[in-house]
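Heads up: the protein sequence lines correspond to chains H and G, in order.
Per numbering that gives the first Met the number 0, the first sequence starts with residue 0, numbered consecutively.
Per numbering that gives the first Met the number 0, the second sequence starts with residue 0, numbered consecutively.
First up is the structure itself, then whatever we jot down about it.
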Amino acid sequence: MTKAPEAPVSRTAQAVRLSGVSKAFGTGSTALLALDDVSLDVRPGEFVCLLGASGCGKSTLLNLVADLDKVSAGTIDTGGSRVALMFQEPALFPWLTVTGNLELALGQRGVPRRERKPRATELLASVHLAGFEKKRPHQLSGGMRQRVALARALALTESTDDRSTVLLMDEPFGALDAMTRDLLHDELERIWRERNLTVLFVTHNVREAVRLGDRVVLLSSRPGRVIEEFPVEMDRPRRIDSPDVATLAARITDRLKEEVSRHGS
Amino acid sequence: MALDHDAPTAIRAQAENASPKINRQLAGLDALELTVGTKKKPLVRIWSALWPILTAVTIALVAWELVVVSGWREPWVLPGPREVLPKFWETVTTATFWEAMGLTMKRAIIGFALAVLIGGVVGALVSQSWILRRAFGSLITGLQTMPSIAWFPLAILLFKLSESAILFVVVLGAAPSIANGLIAGVDYTPPILLRAGKVMGLKGIARYRHLVIPASLPSFVAGLKQGWAFAWRSLMAGELLVIIGKQSVGTLLHFTREVSDTSGMISIMIVILIIGIAVDQLFGLVDRSIRSRWGLDGASN
């Protein structure tokens, strides 16, 4: 992530701009090219879903945007905004209570000490976990933990200065059962609207991408390249099992199959 | 659940109004997914911890008595529990014994505290980089396997027959285990938590305070427990070898043998065993409470 220090964020600027990003793991003949010349712009407030089969480097891409890894070539510009990353696993700190986890995240974003507890309680209520403040992560079910992880990611979008935050989500609902996942889609959509967040959402689930995204970006596999973008022009909230979602999802799936079958021969 | 703040309640109500259906559905799923806790009553818990110990002690006493009854050794060389247990009671009710205990426990605490300090500092330094871990890791493990008694000739040369000689060996016995525990803890901090910490922006001291230290705590406690076992062994070896003026548990053992008071000697041995077990149990308690708080015991998931 190139940090443009204190760059004024104008309304027309992109929230995230990737230009010619490549990422290779290893060196020499054994090097694996995970991402090849990926360029992508995400507008502020936009919900973009990155879609691809395994090996398309979608998680790698998020790690690069989150500055957990360095690009091999190209630039990533987040316009001075921060990032919050939600993993596929909850990755909560087991030694802290649920609120403890949220308060730590809030503290890292400069929220004053005495405001942290009420803010944490509020965040927890927003993921429908009011009353679970004092529990430890292991006392919750998988779906509940993932909701706490969502609340923590939201805590990291809090800002005490003018810097905005991009929420990166790496298959956050992949390990959940379908019913919980559908409910969390509704929740995420509501929170995204209320807080006017910018979201970059990685998934391998085509319907989930169509359900949530303003735009679905399809990546090829090995190396990952942007092969096609699908704007999703449907009214929200969408239902994951609606015919419109199914139609577009089928189109995208066909394109994805075409791409995957290249690797079969 | 009653909340003491008005604001969060209002916000909560707002969130509930925003999507009452979702809230109800999620609450339903949560209720189905949460396992019902099986908390035992305190008395039942104490009993379930106690009876295996009592059984083991009974078996040991019976076996001991059987050996004595078999006539393998003369009864004045190896007295049975029926003779030793009254002697044990007699011993532990004398003032001399408690003075000796006082000195020994003072040494144990000072030695162990020094070992925690030194082991902690060394562990913290070595865990900083993989080069240091490579360089010193095997050395520390090597020190750990060195029998403490092998240090005494050097300790006596360096410090003469003194308190320092005993402390030196106690610290050398315990510190490597403590350092190793800390190093292992830092090493095995789950990478996903390190990544989560990085995303949150945890750096420098805050990273240690909020992430690395708590994450390595279970392993550190295991190191402390092992360190204590080594410290206690080294101390007993030291008190038997370095005999200076005042009475300690070690000298009591030594002098009971000198006067062929086998019952007294075995009584002191039982005391040494009991202290070792008691402190070990204490660390076990801390270890278990950490594990159950973190959900590492596998019972809740």
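Even glycine gets a Cβ: it sits at the ideal position worked out from N, Cα and C.
No experiment lies behind these values; they were computed from the predicted model shown.
**Message:** Using the three-state DSSP reduction, which class does Gly176(G) fall into: helix, strand or coil?
**Reply:** Checking the sequence, you will find Ser at residue 176(G) rather than Gly. Residue state, collapsed to three classes: helix.
**Asked** Name the DSSP beta bridge partners of Asp169(H), please?
**Response** Val201(H)
**Request:** Count the other C-beta atoms from every protein chain shown that fall within 10 angstroms of the C-beta of Thr95(G), then say buried if there are 16 or more, exposed otherwise.
**Result:** exposed
**Unbroken alpha helix (DSSP H) run spanning Gly19(H), endpoints** = No alpha helix (DSSP H) holds Gly19(H); the beta strand (DSSP E) holding it covers 15 to 24.
**Message:** Let's test the definition: count the other Cβ atoms within 10 Å of the Cβ of Arg261(H) and tell me whether it reaches 16, buried, or not, exposed.
**Reply:** exposed
**Message:** So, with DSSP's three-state summary, where would you put Ala12(H)?
**Reply:** coil
**Item:** Inter-residue Cα distance where the pair is Asp40(H) and Val70(H)
**Value:** 17 Å
**Request:** Please name the residue, chosen from Ala205(G), Ala195(G), Leu156(G), Phe219(G), that lies closest to Ala183(G) on a Cα-to-Cα basis.
**Result:** Phe219(G)
**Message:** Let me see if you follow: with CB-CB separation under 8 Å, is Asp29(G) close to chain H or not?
**Reply:** yes
**Message:** For a cutoff of 8 Å on Cβ pairs, would you count Thr179(H) as touching chain G?
**Reply:** Yes, Thr179(H) lies at the interface with chain G (some Cβ there is under 8 Å from its Cβ).
**Request:** Compute the Euclidean distance between the alpha carbons of Arg208(G) and Gly263(H), then round it to the nearest angstrom.
**Result:** Distance between the alpha carbons of Arg208(G) and Gly263(H) is about 50 Å.
**Prompt:** Does Ala6(H) come within less than 8 Å of chain G when only Cβ atoms are used?
**Reply:** Model confidence at Ala6(H) stands at a pLDDT of 46, short of 50, so the residue's coordinates are unreliable and nothing is read from them.
**Message:** Please list, in chain order, the chain G residues whose beta carbon lies closer than 7 Å to that of Glu88(H).
**Reply:** Ile191
**Burial state of Pro171(H), where buried means 16 or more other Cβ atoms lie within 10 Å** = Counting Cβ neighbours within 10 Å, Pro171(H) comes out buried, since at least 16 surround it.
**Message:** Rounding to the nearest angstrom, what Cα-Cα distance links Asn204(H) and Leu50(H) in this structure?
**Reply:** The alpha-carbon atoms of Asn204(H) and Leu50(H) are separated by roughly 7 Å.
**Item:** Rounded separation between Thr246(H) and Arg214(H) - CA only
**Value:** 15 Å
**Request:** May I have a chain-ordered list of the alpha helix (DSSP H) segments no shorter than 4 residues that lie completely inside the region 125 to 165 of chain G?
**Result:** Runs of the alpha helix (DSSP H) inside the region 125 to 165 of chain G: 129 to 144, 151 to 158.
**Prompt:** Between the Cα of Leu155(H) and the Cα atoms of Asp76(H), Met85(H), Pro236(H), Leu199(H), which residue gives the shortest distance?
**Reply:** Met85(H)
**Prompt:** What do you get for Asp5(G), buried or exposed, if any count of 16 or more other CB atoms within 10 angstroms of its CB means buried?
**Reply:** Note that Asp5(G) scores 46 on pLDDT, short of 50, meaning its location in the model is unreliable and no value can be drawn from it.
**Request:** Output, in chain order, the set of chain H residues within a Cβ distance shorter than 7 Å of Lys197(G).
**Result:** Leu67
**Prompt:** Leu32(H) and Pro236(H) look like a contact to me (Cβ under 8 Å); what is the Cβ gap, rounded to whole Å?
**Reply:** Not a contact, Cβ separation roughly 39 Å.
**Item:** Three-state secondary structure assigned by DSSP to Gln225(G)
**Value:** helix
**Asked** Going by DSSP, what residues sit across from Ile75(H) in a beta bridge?
**Response** In the DSSP secondary-structure assignment, Ile75(H) is bridged to Leu17(H).
**Item:** Cβ shell of Gln87(H) (< 6 Å), same chain only, five flanking positions each side left out
**Value:** So the list reads Asp169, Glu170, Gly173, once near-sequence residues are dropped.
**Request:** State the CB to CB distance for the pair Thr96(H) and Arg135(H), rounded to an integer number of angstroms; the pair is presumed to be in contact (CB under 8 Å).
**Result:** 6 Å
**Item:** Cross-strand partners of Val37(H) (DSSP beta bridge)
**Value:** Val20(H)
**Prompt:** Skipping 5 residues on each side, what residues in its chain have a beta carbon closer than 8 Å to that of Gln143(G)?
**Reply:** Pro175, Ser176, Asn179, Phe229
**Item:** Any chain H beta carbon closer than 8 Å to Ser299(G)
**Value:** Reliability fails at Ser299(G), whose pLDDT of 39 lies under 50, so the model's placement of it is uncertain and no value is given.
**Rounded straight-line distance, which links the Cα of Leu124(G) to that of Arg133(G)** = 13 Å
**Asked** So which of Ser215(G), Ser259(G), Ala195(G) has the shortest CA-CA distance to Arg290(G)?
**Response** Ser215(G)
**Message:** I need the boundaries of the beta strand (DSSP E) containing Ala30(H), first residue and last residue.
**Reply:** Counting along the chain, Ala30(H) falls outside any beta strand (DSSP E), and DSSP gives it neither H nor E.
**Message:** Suppose you measure from the CA of Gly283(G) to the CA of Phe151(G); what does that come to, to the nearest Å?
**Reply:** 30 Å
**Prompt:** Cα separation between Asn195(H) and Gln24(G)?
**Reply:** C-alpha separation (whole angstroms): 25 Å.
**Item:** Cβ separation of Lys265(G) and Val83(G), assumed to be a contact under 8 Å, to the nearest whole Å
**Value:** According to the sequence provided, residue 265(G) is Ile. The question's Lys does not apply to it. So it is a contact: roughly 5 Å between Cβ atoms.
**Asked** Which two residues bound the contiguous beta strand (DSSP E) that contains Arg118(H)?
**Response** Arg118(H) -> not in any beta strand (DSSP E); alpha helix (DSSP H) instead, spanning 112 to 125.
**Asked** At least one CB of chain H closer than 8 Å to the CB of Trp46(G): is that the case?
**Response** no
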